[in-house]
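Trainee: In the numbering used here, the protein residues as written are 34 to 100. Just so it is clear, CB atoms sit at the ideal spot from N, CA and C, and this is done for glycine as well.
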């Protein structure tokens with residue numbers, strides 16, 4: 034990623050001329066203790082969560098040979 038906008042903006046500090054991604058989605062910026070879109074809307078990533086148990090994978094956890 035070649036984004037030169039590396040400074041972390043303050044809440045509500047969003048550039049109106051910020052470029053959109055190739056898919057037309059707004060860029061996500063870090064703001065305070067959460068994320069916001071370039072339009073100033075709050076955004077929550079959904080994905081990996083260490084608090085979720087994965088009982089199906091218990092046999093693989095800390096196993097030396099995964100094959």
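On the premise that residue 69 lies in contact with residue 60, defined as a C-beta separation below 8 Å, what is that separation, rounded to the nearest angstrom?
Mentor: The Cβ separation is near 10 Å, so there is no contact.
Trainee: Can residue 71 and residue 62 be called in contact, C-beta distance under 9 Å?
Mentor: Against a cut-off of 9 Å, the Cβ pair of residue 62 and residue 71 comes out as a contact.
Trainee: Where does the unbroken beta strand (DSSP E) through residue 68 begin, and where does it stop?
Mentor: Counting along the chain, the beta strand (DSSP E) containing residue 68 begins and ends at 67 to 70.
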